[in-house]
Amino acid sequence: MSANTFGIDLGTCNIKIYNKATDDVVVEKNMIAIQNKTTIFAYGNA
13 MSANTFGIDL GTCNIKIYNK ATDDVVVEKN MIAIQNKTTI FAYGNA
């Protein structure tokens, strides 16, 4: 099992990244636009 386990929440304009090893959560204001379920159309700060 990997010592580094991360969880990523892409559901809102805030990207949340959780690090299980350190119990830290990083919250960044960003947006990702997906086109045709496979292609990143645009990304950047919200």
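The sequence shown lines up with residues 13 to 58 when you count with our numbering. For every residue, glycine included, the Cβ atom is placed at its ideal position computed from N, Cα and C.
- Per DSSP, the unbroken beta strand (DSSP E) holding Asn31 starts and ends at 26-31.
- Apart from the 5 residues on each side of it in sequence, Ile27 sits with its Cβ closer than 6 Å to the Cβ of Glu40, Asn42 in its chain, given in chain order.
- DSSP places Asp35 in no beta strand (DSSP E); its state is neither H nor E.
- For a cut-off of 8 Å, the C-beta gap from Ile46 to Val38 is around 21 Å, too long to register as a contact.
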